[in-house]
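For the sequence shown, position 39 matches number 39 in the UniProt record's numbering, and the numbering has no gaps at all.
Note that CB positions come from ideal geometry on N, CA and C, so glycine has one too.
This report concerns only the one structure given below.
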Amino acid sequence: MYLTVLDESMGCVLGQQYESRKKEFAIYYLSKKFTDCETRYSMLEKTCCALAWAAKHLRQYMLNHSTWSISKMDPIKYIFEKRVLTGRIARWQMLLSEYDIEYRSQKAIKGSILVDHLAHQPIEDYLSVQYDFPDEEILYLKMKDCDGPFLEEGPEPSSRWGMLD
């Protein structure tokens, strides 16, 4: 995944390298204009945001394969080695933890020309990434093997959750 981040936009090209390791083919192109709030992030935070946004859009490609993140900055190190997590960095960390992403520095021009062009011509009609995780407040689930309901099932009397009729 080639990633270029500018002050107000980002570009991404997802490529696939075959076993021969000689040829690489582009399989997906993305570009995005940052929201007003995102433009106030530091450049490293913008890179993290761009990686999280691209990963969410390319999920079906990235889940089953190892992905190399090729960019000028290492967002993976920033996200996963930060000692104090803010809300957005913690959400990026949760979002990216399911992928096998390895950082590679952008040394060559190969692949970056197209990504730079996409970053300079962003698409504005993309929806921003919703970082709402369903059931994010659940920390632990336990399955029961049972054929029928038990007497102790149901909400605790002091619980804020009630029974639905």
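Whole-Å CB distance - residue i paired with residue j, under 8 Å assumed
i	j	result
C48	P75	4 Å
A26	L95	No, A26 and L95 are not in contact; Cβ-Cβ is about 24 Å, not under 8 Å.
L3	S66	Contact flag wrong, Cβ pair sits at about 16 Å.
G15	E24	5 Å
M73	M43	7 Å
Identity of the residue in the options nearest residue i by Cα
i	options	result
W92	M62, K46, V5, E8	K46
R59	K77, I101, I89	I101
G11	S31, R40, V84, Y78	S31
Y41	S69, K22, R88, R83	R88
T39	S105, I79, L6	L6
Helix, strand or coil at residue i according to DSSP, with G and I counted as helix
i	result
T4	strand
F34	coil
T86	coil
L164	Confidence at L164 is low in this model, with a pLDDT of 49, below 50, so its placement is unreliable and no value can be given for it.
residue 166	As displayed, the chain neither begins before 1 nor continues past 165, which places residue 166 out of reach and without an answer.
M10	strand
residue 168	Coverage of the chain is limited to positions 1 through 165, which leaves residue 168 absent and any answer about it impossible.
E45	helix
Y18	coil
A55	helix
Residue i to residue j span [Cα, whole Å]
i	j	result
M1	S20	18 Å
Y103	W68	6 Å
V13	E98	20 Å
Y18	A54	22 Å
K77	R83	11 Å
Y29	H57	10 Å
L85	K22	40 Å
T35	F80	24 Å
S105	A90	24 Å
A50	K33	10 Å
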